[in-house]
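In UniProt numbering, the protein residues as written are 1 to 330.
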Ligand code: NAD
Ligand code: UDP
């Protein structure tokens, strides 16, 4: 095991996927707590823009690398968060083999690194491990209904394999591994073109193009604001003892996609009309977390209701899209 060189003032935390939407907010929160942060990211779906304000921070280090080939770290690390993986369906399906390899080889590499350093490990898993669920709401002991051959399998099955790796390393006593099953999360720094529902609807409404709803719009999702999720991830990483099983993190408020679109139309002045498009294959019909376990073990629950988080996100998109338009005009 590598010798610790830090002076006890804070932990050294590796955030894989730290230039992404959730990862960049996690980097912010860790730095604010006094930790040193090593961000590892290939920028495949993340953006340098997300971490630009951190680049000159004395406790921030950026390493541009693909986790599939990351074998070593040249300084001691106390904690590893693995958020490296495209999360939006169009993005993770764009190169499905790389998505699967990121989940399996990438998670394997990061777990080995955590083992070498004696670091705690947190895996960003997903509600997608429940697939198109037959039990509702979803508790952690539900085993899921996932297609292992469909277009979502690279992500769903990749994340299931990653969970298996984490629990094998934990059972073997090699790594203090923890697994968060994250439900749909949204907020500032989502990529305007990443294809997920909240970014799509807000960008369409702000730019006056038709709002796209796939299928009937009666499918449901539960949406968690990013600051709530980050607080949950940090609580899970730091809770003692290790819960030794997956923990759902999400907001249990459940909305149909039609209800969400109606909220966006009401919130954004001059939003265009709604158009219906075909439902993608294997699109889950219902999704709502049972968060009893997180409430009990982490004393955590989300604080920001959808109406409030949506407004914060809409305001951010208005500013960001306005700035992009200004830059193009120059
Ligand atoms: P994101 O796409 O914004 O962030 C993922 C980051 O990982 C990006 O910066 C990307 O460049 C990086 N990355 C991807 N593959 C990589 C690789 N092979 N090597 C190095 N870097 C790589 O997505 P997000 O919404 O911030 O999601 C973060 C994590 O949380 C993901 O693991 C995702 O599966 C999980 N998650 C997110 C949600 C959500 O709703 N946002 C829901 C469930 C799970
Ligand atoms: N969706 C939609 N219009 C869009 C993008 C997504 O109706 O422009 C639907 C999508 O089919 C799914 C839901 O919204 O039923 C949530 O999609 P998202 O991609 O955000 O996440 P996931 O399906 O992974 O939960």
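No residue lacks a Cβ here, since even glycine has one placed at the ideal position from N, Cα and C.
Alpha carbons only, please: which of 198, 31 and 103 is nearest the one belonging to residue 314? Taking the chain shown and counting its residues from 1, the one referred to as residue 314 is at position 314. Looking at the Cα atoms, 198 is the closest of the given residues.
Where residue 124 and residue 233 are concerned, what is the direct C-alpha to C-alpha distance, given to the nearest angstrom? Taking the first residue of the chain shown as 1, we reach residue 124 at position 124. Taking the first residue of the chain shown as 1, we reach residue 233 at position 233. C-alpha separation (whole angstroms): 8 Å.
Per-residue burial, residue 281 [other beta carbons within 10 Å of its own, 16 or more giving buried]: Within the chain shown, the letter at position 281 stands for residue 281. Flag for residue 281 reads exposed.
Count the other CB atoms within 10 Å of the CB of residue 5; is the residue buried (16 or more) or exposed (fewer)? The count along the chain shown starts at 1 and reaches residue 5 at position 5. At residue 5, the pLDDT of 40 sits below 50, so the modelled position is not reliable; the number obtained from the coordinates is stated separately. Exposed.
Would you say residue 329 reaches chain B, if we count a Cβ-Cβ gap shorter than 8 Å as a contact? Reference to chain B is not applicable here, since this structure consists of a single protein chain.
Sort 212, 34, 298 and 306 by Cα distance to residue 255 and report the nearest one. Locating residue 255 in the chain shown gives position 255, where the first residue counts as 1. Here the closest residue by C-alpha is 306.
For a quick check, are the C-beta atoms of residue 195 and residue 90 less than 8 Å apart? Counting from 1 along the chain shown, the entry for residue 195 is found at position 195. Counting from 1 along the chain shown, the entry for residue 90 is found at position 90. Against a cut-off of 8 Å, the Cβ pair of residue 90 and residue 195 comes out as a contact.
When we look at the beta-carbon of residue 335 and count the other beta-carbons within 10 Å, is it buried (16 or more) or exposed? Residue 335 cannot be examined here, being either before or after the span of the chain that is shown, 1 to 330.
Could you say which of 258, 290 and 153 lies nearest to residue 94 if we only look at CA atoms? Within the chain shown, numbered from 1, the residue matching residue 94 stands at position 94. Of the candidates 258, 290 and 153, the one whose C-alpha sits nearest the C-alpha of residue 94 is 153.
Whole-Å CB distance - residue 202 paired with residue 261, under 8 Å assumed: Residue 202 sits at position 202 when you count from the first residue of the chain shown. Residue 261 sits at position 261 when you count from the first residue of the chain shown. Not confirmed; about 11 Å, so no contact.
Going by DSSP in three states, residue 142 sits in which element: helix, strand or coil? On the chain shown, residue 142 is found 142 positions in, with the first residue counted as 1. Note: residue 142 maps to coil in three-state DSSP.
Straight-line Cα distance separating residue 183 from residue 309: Position 309 of the chain shown, counting from 1, holds the residue named residue 309. Position 183 of the chain shown, counting from 1, holds the residue named residue 183. Approximately 15 Å, taken between the alpha carbons.
Consult DSSP for residue 289 and reduce its assignment to one of helix, strand or coil. Within the chain shown, residue 289 is the residue found at index 289, counting from 1. Reduced to three states, the DSSP call for residue 289 is strand.
Cα-Cα, which of 112, 275, 17 and 217 is closest to residue 72? Within the chain shown, numbered from 1, the residue matching residue 72 stands at position 72. With distances taken between Cα atoms, residue 72 lies closest to 112.
Ignore the nearest five residues each way along the sequence and tell me which others in residue 40's own chain have a CB closer than 6 Å to its CB. Within the chain shown, residue 40 is the residue found at index 40, counting from 1. Excluding positions up to five away in sequence, the list reads 16, 63 and 65.
Can you list, in chain order, the residues of its chain whose CB lies under 6 Å from that of residue 96, leaving out five sequence neighbours each side? Numbered from its first residue, the chain shown carries residue 96 at position 96. The residues are 154.
Under 6 Å Cβ to Cβ from residue 30, same chain only, skipping five residues before and after it: list those, please. Position 30 of the chain shown, counted from the start, is the residue given in the question as residue 30. So the list reads 13 and 37, once near-sequence residues are dropped.
Report buried or exposed for residue 7, applying the criterion of at least 16 other Cβ atoms within 10 angstroms of its Cβ. Here the question's residue 7 lines up with position 7 in the chain shown. Note that residue 7 scores a pLDDT of 44, beneath 50, so its modelled location is shaky; the value from the coordinates is reported in the next line. So residue 7 ends up on the exposed side.
Report all residues from its chain with a CB closer than 6 Å to the CB of residue 70; omit the five preceding and five following residues, and keep chain order. Counting from one through the chain shown, the residue named residue 70 turns up at place 70. Counting only residues of its own chain and dropping the five nearest sequence neighbours on each side, residue 70 has a CB closer than 6 Å to the CB of 109.
Skipping 5 residues on each side, what residues in its chain have a beta carbon closer than 8 Å to that of residue 99? Within the chain shown, numbered from 1, the residue matching residue 99 stands at position 99. Here the set comprises 85, 86, 92, 93, 154, 155 and 158.
Going by DSSP, what residues sit across from residue 40 in a beta bridge? On the chain shown, position 40 is the one that residue 40 refers to. According to DSSP, which records beta bridges pairwise, residue 40 is partnered with 16 and 63.
Contact under 8 Å by Cβ, residue 175 with residue 115: Within the chain shown, numbered from 1, the residue matching residue 175 stands at position 175. Within the chain shown, numbered from 1, the residue matching residue 115 stands at position 115. By the CB criterion at 8 Å, residue 175 and residue 115 fall inside the cutoff.
Would you decide whether residue 132 is buried or exposed? Buried here means 16 or more other CB atoms lie within 10 Å of its CB. By 1-based counting over the chain shown, the position of residue 132 is 132. So residue 132 counts as buried.
Distance, Cα to Cα, residue 79 vs residue 46? Within the chain shown, residue 79 is the residue found at index 79, counting from 1. Within the chain shown, residue 46 is the residue found at index 46, counting from 1. So the two alpha carbons sit approximately 21 Å from each other.
Using C-beta distances below 7 Å, list every residue in its chain close to residue 106, excluding the 5 sequence neighbours before and after it, in chain order. Start at 1 with the first residue of the chain shown, and residue 106 comes out as number 106. Exclusion of the five residues before and after residue 106 leaves 67, 68 and 84 as the residues of its chain whose Cβ lies within less than 7 Å of its Cβ.
For residue 225, which of helix, strand or coil comes out of DSSP? One-based indexing of the chain shown puts residue 225 at position 225. Strand at residue 225.
Residue range of the beta strand (DSSP E) that residue 33 falls in? Residue 33 sits at position 33 when you count from the first residue of the chain shown. Counting along the chain, residue 33 falls outside any beta strand (DSSP E), though it belongs to the alpha helix (DSSP H) covering 21 to 33.
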